[in-house]
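Structure, as structure tokens:
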Amino acid sequence: MTRIGKRGLLGLAGAALAAPAFAQAAFPSRTINMIVPFAAGGPTDTVARLIAQAMSTSLGQTVVVENVGGAGGTLGAQRAAQARPDGYTILLHHIGMATIPTLYRRVAYDPINGFETIGLVTEVPMTLVGRSSLAAQNMAELIALVRREGEKLNYANAGIGAASHLCGLLLQQALGTRMTTVPYRGTGPAMNDLLAGTVDLMCDQTTNTTEQIKAGSVRGFAVTTPERIAALPDLPTAAEGGLPGFEVSVWHGLYAPKGTPAPVIARLNRALVAALQDANVGTRFAALGTAPVPVARATPEAHREFWQADIAKWRPLIQAAGQYAD
Ligand code: ASP
Numbered sequence: 109m110t111r112i113g114k115r116g117l118l119g120l121a122g123a124a125l126a127a128p129a130f131a132q133a134a135f136p137s138r139t140i141n142m143i144v145p146f147a148a149g150g151p152t153d154t155v156a157r158l159i160a161q162a163m164s165t166s167l168g169q170t171v172v173v174e175n176v177g178g179a180g181g182t183l184g185a186q187r188a189a190q191a192r193p194d195g196y197t198i199l200l201h202h203i204g205m206a207t208i209p210t211l212y213r214r215v216a217y218d219p220i221n222g223f224e225t226i227g228l229v230t231e232v233p234m235t236l237v238g239r240s241s242l243a244a245q246n247m248a249e250l251i252a253l254v255r256r257e258g259e260k261l262n263y264a265n266a267g268i269g270a271a272s273h274l275c276g277l278l279l280q281q282a283l284g285t286r287m288t289t290v291p292y293r294g295t296g297p298a299m300n301d302l303l304a305g306t307v308d309l310m311c312d313q314t315t316n317t318t319e320q321i322k323a324g325s326v327r328g329f330a331v332t333t334p335e336r337i338a339a340l341p342d343l344p345t346a347a348e349g350g351l352p353g354f355e356v357s358v359w360h361g362l363y364a365p366k367g368t369p370a371p372v373i374a375r376l377n378r379a380l381v382a383a384l385q386d387a388n389v390g391t392r393f394a395a396l397g398t399a400p401v402p403v404a405r406a407t408p409e410a411h412r413e414f415w416q417a418d419i420a421k422w423r424p425l426i427q428a429a430g431q432y433a434d
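What follows is the structure, given as structure tokens:
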């Protein structure tokens, strides 16, 4: 009796131990929520929707994009950091993950240790754009205009921590001139105001600006990469336009809350890699002036290493530009 009872207990314990492994093998068994920390219709949203769709195919479950915009990307990051670490909440964020730890004295989550990395996604050039009626036709005229008008000019961004904020900070520092900043929940809504002519300038990713520049509905002044880009071959680099060394590229990565089990991260990573190799993703990215990262950079380890190095890279630069940070 006792023996059978013991065996029964052991059998139960064995089943209990096996349960989590079985649950992980079955991942994902339902919809996954991909948080985008900026408004719908903007550049991060565009990247996320393409990746989410391709990941859905390879995971056999829908990956739904949820826009949690506001406070420069910190609200969405907070939501992700505080979610259950089960793989059903993931976060697609950008270079802000490297600048927020320096830009903010305090956020309501751990901006450095609150996440597992899944892999890098893409690096996107930025473009300096203005409303089409702005009294400057090229970079030389724009530099003169900013120096002359300063705070009379409205510069749109997606809040402190956004890439558009970082680019504006570097621009104001390079010119030694402050402009008036107008923060939005994302540069999707900011672009609407630029198109309407209610703000003057913005620096934003090609994933949001390429089509508008090509259509002439906003004026493109410069691209922030060392070389011109194929999607906008007529657009000069910032260096060509008179701002040597003015370079920013907006990398994106995929994250999960700290403590998400390693097999789940591995499954998500496989789906990310498949998405980066998806033909439609490649074609759309190219049309928007970007490309998927090479697969070797889309590992959790390479992502973490790059992210940590980028925190260290930006810290002194942001501290030096401190007076333009708000
Ligand atoms: N990524 C943009 C930025 O950082 C915001 C957005 O995606 O809407 O400015």
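For this note's numbering, add 108 to where a residue sits in the sequence shown, where the first one is 1. Don't be surprised by glycine CBs; every beta carbon is placed ideally from N, CA and C.
Taking 6 Å as the line, does the beta carbon of proline 151 fall inside it for any heavy atom of ligand 1? yes
Under the rule that 16 or more other beta-carbon atoms within 10 Å means buried, what is asparagine 316, buried or exposed? buried
Taking glutamate 348 as the reference, give the member of Ile251, Val389, Asp308 and Leu158 with the closest Cα. Ile251
Starting from the Cα of arginine 157, find the closest Cα among Phe414, Gln431, Pro402 and Leu384 and give me that residue. When each option's Cα is compared against that of arginine 157, the closest is Leu384.
Threonine 333 Cβ short of 6 Å to ligand 1 heavy atom set: no
Alpha carbon to alpha carbon, how far is alanine 134 from methionine 109? Give it in angstroms, no decimals. The pLDDT assigned to methionine 109 is 37, lower than 50, so where the model puts this residue is not dependable, and the model offers no usable value.
Please tell me whether valine 155 and valine 173 are closer than 7 Å, where the distance is taken between their beta carbons. no
Give the range of the beta strand (DSSP E) segment to which glutamine 186 is assigned. First-last for glutamine 186: 182-189, but that is the alpha helix (DSSP H), not the beta strand (DSSP E).
Report the rounded CA-to-CA distance for alanine 160 versus methionine 142, giving the unit in angstroms. 7 Å
For serine 272 and tyrosine 432, the rounded distance between their alpha carbons: Straight-line Cα distance between these residues: approximately 13 Å.
Grab me the residues of glycine 222's own chain with a C-beta within less than 6 Å of its C-beta, minus the 5 sequence neighbours each way, in chain order. Result list for glycine 222: Ala189 and Lys366, in chain order.
Should phenylalanine 146 be listed as close to ligand 1, given that the test is whether its C-beta is under 6 Å from any heavy atom? yes
Mapping DSSP to helix, strand and coil, what is alanine 420? helix
DSSP three-state label for phenylalanine 393, please. helix
Could you check how far apart the C-beta atoms of glycine 284 and glycine 181 are, in whole angstroms? I think they sit under 8 Å. Not confirmed; about 27 Å, so no contact.
From alanine 304 to arginine 239, what does the alpha carbon distance come to, in whole angstroms? Approximately 8 Å between the Cα atoms of the pair.
Confirm the yes/no value for this check: CB of serine 272, any heavy atom of ligand 1, distance under 6 Å. yes
Taking 6 Å as the line, does the beta carbon of glycine 296 fall inside it for any heavy atom of ligand 1? yes
Rounded to whole angstroms, what's the CA-CA distance from glutamate 335 to threonine 345? Just pull it up for me. Glutamate 335 and threonine 345 have their C-alpha atoms roughly 6 Å apart.
With a threshold of 8 Å, are at least 3 pairs of Cβ atoms found where one atom belongs to the stretch 317-326 and the other to the stretch 377-391? no
Confirm, please, whether the CB-CB distance from glycine 397 to threonine 314 is below 7 Å. yes
What is the rounded straight-line gap between the Cα of glycine 353 and the Cα of alanine 248? 16 Å
Cα-Cα separation between alanine 206 and alanine 216, rounded to whole angstroms: 16 Å
Could you tell me which whole alpha helix (DSSP H) segments of length 4 or greater appear in the stretch 229-304? Complete alpha helix (DSSP H) runs here, min 4: 247-257, 271-283 and 295-304.
Out of Thr318, Pro424, Gly177 and Leu362, state which residue places its alpha-carbon closest to the alpha-carbon of proline 341. Thr318
Where do the N-terminal and C-terminal ends of the alpha helix (DSSP H) with glycine 361 fall, by residue? From DSSP, glycine 361 is part of no alpha helix (DSSP H) but of the beta strand (DSSP E) over 357-365.
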